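Residue numbers (the working numbering), protein chains in the order written: chain A, 105 to 301; chain B, 105 to 301. First the structure, in the form of structure tokens, and then the observations on it.
Number of protein chains: 2
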Amino acid sequence: MSDLRERRKLRTANTIRVAAVNLVHAQGLDNVTTDMISEAAGISPRTFFNYFRYKEAALLPPTPVFEQNAVNRFLVSTAPILDDLVELIIPLTQFFSENPAMFRKLFEISQAHPKLVMLKINAFHEFEDMVRLVIAKRLKMKSDADKPSLIAALVTTGIRVAMESWANHGTGSADKEIERTFSEMKTIFAQSDQTAP
Amino acid sequence: MSDLRERRKLRTANTIRVAAVNLVHAQGLDNVTTDMISEAAGISPRTFFNYFRYKEAALLPPTPVFEQNAVNRFLVSTAPILDDLVELIIPLTQFFSENPAMFRKLFEISQAHPKLVMLKINAFHEFEDMVRLVIAKRLKMKSDADKPSLIAALVTTGIRVAMESWANHGTGSADKEIERTFSEMKTIFAQSDQTAP
DNA sequence: TTATTTGTTGCACATACTGCAATTTCTGCA
DNA sequence: TGCAGAAATTGCAGTATGTGCAACAAATAA
Numbered sequence: 105m106s107d108l109r110e111r112r113k114l115r116t117a118n119t120i121r122v123a124a125v126n127l128v129h130a131q132g133l134d135n136v137t138t139d140m141i142s143e144a145a146g147i148s149p150r151t152f153f154n155y156f157r158y159k160e161a162a163l164l165p166p167t168p169v170f171e172q173n174a175v176n177r178f179l180v181s182t183a184p185i186l187d188d189l190v191e192l193i194i195p196l197t198q199f200f201s202e203n204p205a206m207f208r209k210l211f212e213i214s215q216a217h218p219k220l221v222m223l224k225i226n227a228f229h230e231f232e233d234m235v236r237l238v239i240a241k242r243l244k245m246k247s248d249a250d251k252p253s254l255i256a257a258l259v260t261t262g263i264r265v266a267m268e269s270w271a272n273h274g275t276g277s278a279d280k281e282i283e284r285t286f287s288e289m290k291t292i293f294a295q296s297d298q299t300a301p
Numbered sequence: 105m106s107d108l109r110e111r112r113k114l115r116t117a118n119t120i121r122v123a124a125v126n127l128v129h130a131q132g133l134d135n136v137t138t139d140m141i142s143e144a145a146g147i148s149p150r151t152f153f154n155y156f157r158y159k160e161a162a163l164l165p166p167t168p169v170f171e172q173n174a175v176n177r178f179l180v181s182t183a184p185i186l187d188d189l190v191e192l193i194i195p196l197t198q199f200f201s202e203n204p205a206m207f208r209k210l211f212e213i214s215q216a217h218p219k220l221v222m223l224k225i226n227a228f229h230e231f232e233d234m235v236r237l238v239i240a241k242r243l244k245m246k247s248d249a250d251k252p253s254l255i256a257a258l259v260t261t262g263i264r265v266a267m268e269s270w271a272n273h274g275t276g277s278a279d280k281e282i283e284r285t286f287s288e289m290k291t292i293f294a295q296s297d298q299t300a301p
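So this is what it looks like as structure tokens:
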């Protein structure tokens, strides 16, 4: 089987990522060319584009994927859907919780350059799509129906804000920050039914 | 005074926009070069980049700006903040409500190309920043505090989803769609306090 | 070993975008 | 009206991103 090949590719991709993040963190996005990254990663300039479609792609965390078991549990659960979603998503943040150094470096880089801010936001948007699909499945609705779209958008937004808070001034674990953010979200909407701010 | 100059520039920018949207709508983003757009708009290739920093920028609606009076009213109101925000933001959607043809063309183009999806999302993100600032001001909090960030994110997300719904299968006015979406948001969070889905 | 599949590389090329200096077009004022 | 200075447009030369293709190298399966 081509398991070795697979791992080799993953390792190469990772080498490129590390080279890219370090170079850009040190010198800024515009002062680093794909040639320099390739050089540092020990591959040919052409090969860079075999792994990443564009320069900035090497500066983004790999796309997260749900674990199948967790999805199955989510689909049949009858608990409140928001709670279940948080539970489903939290494991995906472990990569960051476990590598806070890399996370903060990436966060720092991202904040510094509009193009990267954009790509980060876009990553969340793609994630939102993924979430939307499982929600629609659980609710037995079409995936472009309003309700799944809305719930997915809200949940993803909550995660995003929580991660930003955590990066900016978070003290505890990422999990705690997410819990906190979601409970605050409930408060906000509860208040909007009354009259005083 | 250079009022004429100002208007002339606005007109040129608009000419470029129209040329860009039409060309891209007809032929797809990748088959349209900045040279072609410049040609169609009757300007030199170099001038295109005096108006737009990158090709795709000509395909985005100009950045919305709050009306000062509306902001002042918002800042001192004591009604529920979510309602006030909706009221503050709705006028900004009038450009689209009044030009549904242009809106749908833009929406169609945006959906077709990942790069443009990204830029649209980014536009909402910049909008979110703007909203965050006025919320912080009203709440007399620092603009990077958690609460303003979260409210801004939620509101912007609501607007985004509403606009998408409206573009996809909206029948009435954009305003109505926004109202509807926000009331659905409240429902979602209300349900998360109970046990049944 | 040999054949096949998979990954890497070099090369040629199109397009995006920038800096600079020359030129044209506008505006305010005499 | 005509002129001086400001602002906008343009051409040119150059760098960097990203793609297609075909040759080549390496790994796997037989």
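Note that beta-carbon positions come from the ideal geometry of N, C-alpha and C, so glycine has one too. Just so we're clear, the structure is a prediction, and the values are computed from it rather than from any experiment.
Item                                                                                                                      : Value
Separation of B:Phe228 from B:Ala300, as counted between CA atoms                                                         : Confidence in B:Ala300 is poor, its pLDDT being 42 and thus under 50, which makes the residue's placement unreliable; the coordinate value appears in the next sentence. The alpha-carbon atoms of B:Ala300 and B:Phe228 are separated by roughly 33 Å.
CB contact below 8 Å: A:Val265 versus chain B                                                                             : yes
Short CB-CB distance (under 8 Å) between B:Leu258 and chain A                                                             : yes
Selected residue, minimal CA-CA separation from B:Leu273, among B:Phe211, B:Val122, B:Ile147                              : According to the sequence as given, residue 273 of chain B is His; it is not Leu. For B:His273, the nearest C-alpha among the options comes from B:Phe211.
Residue-level contact to chain A via CB, B:Ser269, 8 Å cutoff                                                             : yes
Separation of A:Glu202 from B:Val175, as counted between CA atoms                                                         : 43 Å
Contact belief for A:Leu164 with B:Ile292 at Cβ below 8 Å, rounded distance in angstroms                                  : Actually they do not touch by this definition, with Cβ atoms about 29 Å apart.
Distance, A:Lys224 Cα to B:Pro195 Cα                                                                                      : 29 Å
Three-state secondary structure assigned by DSSP to B:Tyr158                                                              : coil
Per-residue DSSP class, three states only, for B:Pro301                                                                   : With a pLDDT of only 37 at B:Pro301, under 50, the local geometry of the prediction cannot be trusted, and no value is derived from it.
Straight-line gap, A:Thr260 to B:Asp139 (C-alpha atoms, nearest Å)                                                        : 39 Å
Chain B contact for A:Leu196 (CB, 8 Å cutoff)                                                                             : no
Proximity test, Cβ basis, 8 Å: B:Gln131 and chain A                                                                       : no
Distance between beta carbons of B:Tyr155 and B:Ile120, contact taken as under 8 Å                                        : 6 Å
Endpoints, alpha helix (DSSP H) assigned at B:Asn173                                                                      : 172 to 180
Rounded C-alpha distance that separates A:Leu192 from A:Ser269                                                            : 20 Å
Partner residues on chain A for B:His229, Cβ-Cβ distance less than 8 Å                                                    : Val221, Met222, Ile225
B:Met267, DSSP secondary structure in three states                                                                        : helix
Selection from B:Leu254, B:Lys251, B:Gly262, B:Asn118 that minimises the alpha carbon distance to A:Pro252                : B:Gly262
Helix, strand or coil at B:Ala123 [DSSP, three-state]                                                                     : helix
Where A:His229 sits in the DSSP three-state scheme                                                                        : helix
Helix, strand or coil at B:Gly262 according to DSSP, with G and I counted as helix                                        : helix
Short Cβ contact (8 Å threshold) for B:Ile141 with B:Ala161                                                               : no
Cβ of A:Asn272 within 8 Å of any chain B Cβ                                                                               : yes
C-beta neighbour in chain B for A:Pro184, strict 8 Å                                                                      : yes
Within chain B, the residues that A:Ile255 reaches when beta carbons sit closer than 7 Å                                  : Ile292
B:Ala183, DSSP secondary structure in three states                                                                        : coil
Neighbourhood of B:Leu133 by C-beta distance below 6 Å, restricted to the same chain and skipping five residues each side : His217
Beta carbon of B:Val125 nearer than 8 Å to that of B:Ile213                                                               : yes
First through last residue of the alpha helix (DSSP H) which encompasses A:Ser148                                         : It is not in any alpha helix (DSSP H) - A:Ser148 carries neither H nor E in the DSSP assignment.
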